[in-house]
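Student: Sending over a structure as structure tokens; questions will come in a sec.
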Amino acid sequence: MLELVDLGEDIIVSNVIPYLKSADIFSLSMTSQLLHNMLTTNETYHQLYLKHFGTKPVPLNLESYCWEELFKLRISSKAKFYTWGTNDFGRLGHDPRDLLKHKRFGGIDIPLVVNDLEGKIITAIEASGYSFQVLTNSGELYWTGQLWKKNYSSSPGPIAKDFEPPPPPRSASGRNATGIFGIPGLPGMARRYQNPHPRESSTSNNETQIHAETNPNLRLPPEEQVNRLNLANVRSPRPKLSNTHQFHLPIVSDSSGALGPKLISISSGREHVIGLDEEGKVYSWDTGISGSTGVEMIFPNIPYEDHKVTKISAGWNLSACFVENHGLIVWYSRESISKEQYYEQDFKAKANYILVPGTQENRIIDFLCGVDYVLYIKGNGKLYRFDIDAQGYFDGRADRNLIGSPFEVHKFNQWLSNLNLEIVGEGVKFSKITGCYHSFAIFTNDGRVLLGDSNRSRYVEIEDDSDDDEDENGPRNPIVLPQLQQKNIVDVVMGDYHFLALTDDGDLFSWGRESKQCGCLGLGPLNLNQVVELPTHVKEPIEKRKGKWLAVTAAGWQTGGIYILTDGEEEGSSEE
């Protein structure tokens with residue numbers, strides 16, 4: 006009889022492990038010494054890393070990289086989330102009193118830890134127009150600050166907002182009859198990740214009895230009783246301010262009460278966030294929703310059981326995902342949640358989408374949504390672009406029946422061809438795309454990084470020796486910074502005018518323009534609107550301590566990153 010171990014390490018790691026959850030992998034490794042040896046290899050830790058943290062960032066040298074070390078660093082609760090830059094609407098997630106303590110006003114010019122998220126294992130971080138989004142290992146999704154969207158409709162949300170029940174009548178005291186928050190909950194509306202065992206009502210006999218027995222005034226003579234009205238000399242404990250808030254998935258419909266699939270990936274645009282769960286379903290938090298519950302996206306003409314999404318990307322004003330056996334989908338709006346859906350707890354909405362021509366039969370290596378465009382790399386290693394007037398489709402100014410065709414980004418592909426002519430036999434290809442708004446970075450499989458922009462007139466600060474006219478089929482010649490070429494760069498992120506690069510060794514560099522001394526470069530005090538032309542080392546969060554940056558994100562005028570100390574000592578204050 007054939008046993009599991011008879012399949013051999015290669016088959017088990019390559020064909021079995023990808024279909025198991027992390028807990029199952031660890032349990033399986035404990036069943037025998039032979040399986041333990043097979044499931045504690047570098048490739049197994051590579052698979053574990055991908056399951057927990059996806060492909061952002063991914064080291065370039067996959068074969069010799071120590072995945073066990075990286076996995077254990079990322080899975081540690083000692084890895085903390087830091088933010089810096091403009092703090093409009095409290096988007097950095099810091100307690101205002103902490104900022105006063107550190108004498109920081111307005112923009113924050115060095116990385117500061119977000120205390121609300123300490124102790125949580127963070128698997129993904131994203132930056133949007135007004136906030137940061139943080140995904141934890143348990144599938145919880147948080148956002149920082151006072152708001153993550155403005156109060157109007159924009160793509161890719163619904164044209165009309167989702168149904169929202171009217172507020173309840175106010176009592177004589179002026180408060181809503183249902184309580185301070187005013188919105189009544191639906192019956193049985195226990196959301197995912199919330200406490201499944203709510204406290205008993207405060208009017209229960211048991212609780213009343215407990216309160217009576219523990220009231221000290223009932224056991225003291227009158228002269229020794231506490232005067233509860235005279236509080237002038239009583240110092241109350243400092244109340245905890247919440248600078249982070251939680252998104253929720255739609256309610257679980259399973260009658261057993263079991264939690265549904267958890268989120269494993271997120272991506273953020275200007276005013277919307279999309280998430281991917283373990284079953285390949287996509288959820289959207291956009292300008293249409295009034296609360297914190299996301300909407301599951303349905304793609305008409307694709308059978309629901311075939312909605313197996315493998316990757317997502319939120320652009321500035323649109324979203325995209327790759328659906329297995331169907332291709333690259335881009336959506337610019339969705340239907341609203343109706344009154345009937347709301348009360349039936351059916352938070353599903355049909356997306357108004359376009360299937361990018363030519364992606365059904367072709368392998369897509371990577372893709373990125375920007376503003377009114379999608380960039381993607383085909384299996385041949387070349388770069389392509391698909392344009393879409395997202396806001397025009399959204400508000401009806403553009404004819405939704407007129408769909409353009411994808412085209413090669415000639416200047417970038419020509420650069421790649423010229424490189425391959427210089428180094429014959431190497432077969433260099435484009436392998437990864439990152440970006441935000443108009444800006445993007447293209448990675449090659451041999452460690453080179455190219456910068457591009459779909460609206461180059463905004464970036465006059467960046468040196469560019471090319472004198473060619475703007476190509477109608479995409480940006481001009483790529484910008485090649487020597488400091489980024491074959492320097493083990495694993496991620497490049499960007500905001501409106503600033504850029505950051507993360508290395509394989511955990512070093513973080515920034516450059517670009519720091520608008521109005523907002524601090525987004527993380528380099529300490531700079532002059533007003535100062536331009537830093539070359540990548541410069543970002544200040545360490547904790548001086549005279551050794552650590553590593555594990556992930557980075559940026560948008561607008563703000564930046565965030567995950568950082569962990571590696572010197573083995575306990576952490577002290579970051580501002581000492």
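Every number in our numbering is 5 more than the matching position in the sequence shown, counting from 1. Just so you know, even glycine gets a beta-carbon here, dropped at the ideal spot from N, CA and C.
1. Do you know how far the Cα of ARG518 is from the Cα of VAL21?
2. Measuring CA to CA, which of TYR502, PHE445 and GLY500 is closest to VAL485?
3. For LEU323, count neighbouring Cβ atoms within 10 angstroms of its own Cβ and tell me buried if that reaches 16, exposed if not.
4. Measuring alpha carbon to alpha carbon, tell me which residue in SER143, ILE317 and GLY511 is nearest LEU78.
5. Drop a sphere of 10 angstroms on the beta-carbon of SER582, count the other beta-carbons inside from all chains shown, and report buried for 16 or more, exposed for fewer.
6. If you scan the region 142–174 from start to end, which runs of the alpha helix (DSSP H) of 4 or more residues do you find wholly inside it?
7. Kindly indicate which three-state DSSP category GLU301 falls into: helix, strand or coil?
8. State the DSSP-derived secondary structure class of ASP15, mapped to helix, strand or coil.
9. Residues in the same chain with beta-carbon distance under 7 Å from GLN151, minus the five sequence neighbours each way, listed in chain order, please.
10. At which residues does the alpha helix (DSSP H) containing ASP400 begin and terminate?
11. Pop quiz: GLY561 and GLY134 are said to be a contact at Cβ under 8 Å. What is the actual Cβ separation, rounded to whole angstroms?
12. Residues in the same chain with beta-carbon distance under 7 Å from TRP290, minus the five sequence neighbours each way, listed in chain order, please.
13. Against chain C, with Cβ distances strictly below 8 Å, would GLU48 count as a contact?
14. Taking only runs of the beta strand (DSSP E) that begin and end inside the region 22–101, which ones reach a length of at least 3 residues, in chain order?
15. Name the DSSP bridge partner or partners of PHE327?
16. Looking at THR292 and SER159, is the spacing between their C-beta atoms short of 8 Å?
17. Any idea what DSSP makes of HIS443, helix, strand or coil?
18. Look at the alpha carbon of LYS125 and the alpha carbon of THR249, and state the distance between them as a whole number of angstroms.
19. Could you check whether SER34 and HIS41 sit closer than 8 Å to each other, using their CB atoms as the reference points?
20. What does the alpha-carbon distance come out to for the pair GLN52 and LEU7?
21. Go through its chain and collect everything with a Cβ distance to ASP351's Cβ below 7 Å, but skip five positions before and after it.
22. Quick one: is GLY432 buried, meaning 16 or more other Cβ sit within 10 Å of its Cβ, or exposed?
23. If you drop the 5 nearest sequence neighbours on each side, which residues of the same chain put their C-beta closer than 6 Å to that of ILE294?
24. ASN4 to ARG402, Cα distance in whole Å?
25. Cα-Cα, which of ALA84, PRO483, SER37 and GLU131 is closest to GLY573?
26. Out of VAL18, ASN532, VAL10 and SER27, which one is the CA nearest neighbour of THR36?
27. Exposed or buried, which one is TYR87 when buried takes at least 16 other CB atoms within 10 Å?
28. What does DSSP give as the partner residues of PHE435 in its beta bridges?
29. Specify, as a first and last residue, the run of the beta strand (DSSP E) that TYR358 falls within.
30. Leaving out five residues on either side along the sequence, give the residues of the same chain with a beta carbon under 6 Å from the beta carbon of HIS331.
31. Which stretch, first to last residue, makes up the beta strand (DSSP E) that contains LYS387?
32. Comparing C-alpha positions only, which one of CYS326, TRP321 and PHE372 sits nearest to GLY285?
33. What are the start and end residues of the beta strand (DSSP E) that includes GLN251?
34. With 16 other CB atoms within 10 Å as the buried threshold, where does LYS26 fall?
35. Here's the rule: buried if 16 or more other CB atoms are within 10 angstroms of the residue's CB, otherwise exposed. What is ILE359?
36. DSSP on PRO487, reduced to helix/strand/coil?
Tutor: In this structure, then:
1. As a first step, residue 21 is located in the sequence shown; it is residue number 16 there, counting from the start. As a first step, residue 518 is located in the sequence shown; it is residue number 513 there, counting from the start. About 48 Å.
2. Here residue 485 corresponds to residue number 480 of the sequence shown, with the count starting at 1. The option with the nearest alpha carbon to VAL485 is PHE445.
3. Reading the sequence shown from its first residue, position 318 is the one you call residue 323. LEU323 is buried by the Cβ-count criterion.
4. Mapped onto the sequence shown, residue 78 falls at position 73. GLY511 is the residue among SER143, ILE317 and GLY511 whose C-alpha sits nearest the C-alpha of LEU78.
5. This structure cannot speak to residue 582, because the chain is shown only from 6 to 581.
6. Inside the region 142–174, DSSP marks no whole alpha helix (DSSP H) run of 4 or more residues.
7. Counting from one through the sequence shown, the residue named residue 301 turns up at place 296. GLU301: strand per DSSP, three-state reduction.
8. Reading the sequence shown from its first residue, position 10 is the one you call residue 15. DSSP places ASP15 in the helix class (H, G or I) of the three-state scheme.
9. Position 146 of the sequence shown, counting from 1, holds the residue named residue 151. Closer than 7 Å at Cβ, skipping near neighbours: PHE94 and GLY95.
10. For the purposes of this step, residue 400 is taken as the residue at position 395 of the sequence shown. That run of the alpha helix (DSSP H) goes 395–400.
11. Here residue 561 refers to the residue found at position 556 when the sequence shown is read from its first residue. Here residue 134 refers to the residue found at position 129 when the sequence shown is read from its first residue. The Cβ separation is near 6 Å, so the contact holds.
12. For this step, residue 290 is matched to residue 285 along the sequence shown. Once the five neighbours on either side are set aside, the close Cβ partners of TRP290 are PHE252, HIS277, VAL278 and GLY299.
13. No chain C appears in this structure, which consists of one protein chain only.
14. 85–90
15. Translated into positions along the sequence shown, residue 327 becomes position 322. PHE327 is bridged to LYS316 and LEU333.
16. Reading the sequence shown from its first residue, position 154 is the one you call residue 159. Reading the sequence shown from its first residue, position 287 is the one you call residue 292. Yes, they are a contact pair.
17. Counting from one through the sequence shown, the residue named residue 443 turns up at place 438. In the structure shown, HIS443 sits in coil (DSSP, three-state: anything other than H, G, I, E or B).
18. Against the sequence shown, residue 125 aligns to sequence position 120. Against the sequence shown, residue 249 aligns to sequence position 244. Cα to Cα, LYS125 sits roughly 13 Å from THR249.
19. What you label residue 41 is simply residue 36 of the sequence shown in a count that begins at 1. What you label residue 34 is simply residue 29 of the sequence shown in a count that begins at 1. It is a contact, given that the beta carbons lie within the stated cut-off.
20. Here residue 52 is taken as the residue at index 47 of the sequence shown, counted from 1. Here residue 7 is taken as the residue at index 2 of the sequence shown, counted from 1. One C-alpha to the other measures close to 25 Å.
21. Looking up residue 351 in the sequence shown gives position 346. Excluding residues within five positions, none has a Cβ falling inside 7 Å.
22. For the purposes of this step, residue 432 is identified with residue 427 of the sequence shown, where counting begins at 1. The residue in question, GLY432, is exposed, as its Cβ has fewer than 16 Cβ neighbours within 10 Å.
23. In the sequence shown, counting from the first residue as 1, residue 294 sits at position 289. Counting only Cβ-Cβ distances below 6 Å, and skipping sequence neighbours, we find ASP167.
24. This structure cannot settle anything about residue 4, because the visible part of the chain is limited to 6 through 581.
25. Counting from 1 along the sequence shown, the entry for residue 573 is found at position 568. Considering only alpha carbons, the answer is ALA84.
26. Looking up residue 36 in the sequence shown gives position 31. Of the listed residues, the one whose Cα sits closest to THR36 is VAL10.
27. Translated into positions along the sequence shown, residue 87 becomes position 82. Buried: at least 16 other Cβ atoms inside 10 Å.
28. Numbered from its first residue, the sequence shown carries residue 435 at position 430. Paired residue(s): THR449.
29. Walking along the sequence shown from the start, residue 358 turns up at place 353. From DSSP, the beta strand (DSSP E) with TYR358 extends over 353–360.
30. Working through the sequence shown from its first residue, we reach residue 331 at position 326. ILE307, listed in sequence order.
31. Stepping through the sequence shown from its first residue, residue 387 is reached at position 382. Unbroken run through LYS387: none, as it is neither H nor E.
32. Here residue 285 refers to the residue found at position 280 when the sequence shown is read from its first residue. Cα-wise, what sits closest to GLY285 is CYS326.
33. For this step, residue 251 is matched to residue 246 along the sequence shown. Run containing GLN251: 249–252, per the beta strand (DSSP E) assignment.
34. For this step, residue 26 is matched to residue 21 along the sequence shown. With fewer than 16 Cβ atoms within 10 Å of its Cβ, LYS26 is classed as exposed.
35. On the sequence shown, position 354 is the one that residue 359 refers to. Answer is buried; the Cβ neighbour count reaches 16.
36. Here residue 487 corresponds to residue number 482 of the sequence shown, with the count starting at 1. Correct three-state label for PRO487: helix.
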